[in-house]
Amino acid sequence: MQSRCQSRNRADAAIIASPTEAHLEQAMALRDAGIPFYIEKPIGTVDQITQFGRLNVDRCAVGYQYRYHPVYSEAAPVIRRNRHVRFIANDNLLARYGPDCLSVIAVHPIDTALWLLEPARDVDIDTDGVSVTGTILHERGISEYDCRIDIEPRRSTIASGRVRGKAALDTWSIWSLDPCNEMYLNALSA
């Protein structure tokens, strides 16, 4: 990896999508070569997290590409104005990833809510590995989650509306969030 990073045919950017254990070494080589990179999550093993925190990288992005989905050009202002978003997602990924719904599916809407509604003030999330449900109270609103990794067909929906208590004050705006190449390209160019 290091010899490739130092070669004359230098890359403009790189994607790290290898086994998690290899991420730290690859990120260090790219950093040392001055090559910006996009790294899939998780960025490293539990033992490597402290080292990642000390990398001092100028340009990198972690695999939270859903915040770059084109749907958010319309949805983001509505969600910020309403100060409320509900994420519903499911896919049949249990056999592929095991019971880890939080990092397989729920991590993307949680990241998006942190981006749209700012830091969390209170977290009330439950997971049994197969599902994630609950709410996060943010600095600028609330996000709700209902995610599963044992249901077909694949579905990812975001909804936003004004709420007081349990009653909707106006109609909800609903968007389908199907994966698309554009979100990856947008994330890489950010």
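Taking numbering that gives the first Met the number 0, the leading residue of the sequence shown gets 0, the next gets one more, and so forth. Beta carbons are placed, not taken as given, at the ideal position from N, Cα and C, and that holds for glycine.
To test your reading of the DSSP string, which unbroken beta strand (DSSP E) runs of 3 or more residues are found completely within the segment 25 to 59?
Correct list: 36 to 38.
For the beta strand (DSSP E) that contains glutamate 143, what are its first and last residues?
As a working mapping, residue 143 is identified with position 144 in the sequence shown. Segment 140 to 147, the beta strand (DSSP E) holding glutamate 143.
Kindly provide the ranges of any alpha helix (DSSP H) runs that are 4 or more residues long and lie completely inside the segment 104 to 136, ordered along the chain.
Runs found: 106 to 116.
Report back the beta-carbon spacing between isoleucine 157 and tryptophan 174 to the nearest angstrom; my notes put them in contact at under 8 Å.
Position 158 of the sequence shown, counting from 1, holds the residue named residue 157. Position 175 of the sequence shown, counting from 1, holds the residue named residue 174. Yes, they are in contact, since the Cβ atoms of isoleucine 157 and tryptophan 174 sit about 5 Å apart, within 8 Å.
Between the alpha carbons of aspartate 57 and aspartate 11, how many angstroms are there, rounded?
Start at 1 with the first residue of the sequence shown, and residue 57 comes out as number 58. Start at 1 with the first residue of the sequence shown, and residue 11 comes out as number 12. Distance between the alpha carbons of aspartate 57 and aspartate 11 is about 14 Å.
Confirm, please, whether the CB-CB distance from isoleucine 38 to valine 70 is below 7 Å.
By one-based count along the sequence shown, residue 70 stands at place 71. By one-based count along the sequence shown, residue 38 stands at place 39. No, the Cβ-Cβ distance between valine 70 and isoleucine 38 is not below 7 Å.
With distances taken from CA atoms, which of Leu93, Gly33, Val122, Leu116 is nearest serine 159?
Counting from 1 along the sequence shown, the entry for residue 159 is found at position 160. Of the candidates Leu93, Gly33, Val122, Leu116, the one whose C-alpha sits nearest the C-alpha of serine 159 is Leu116.
Starting from the C-beta of arginine 9, find all residues in its chain whose C-beta is less than 8 Å away, skip the five residues before and the five after it, and write them out in chain order.
Here residue 9 refers to the residue found at position 10 of the sequence shown. Ala32, Ile34.
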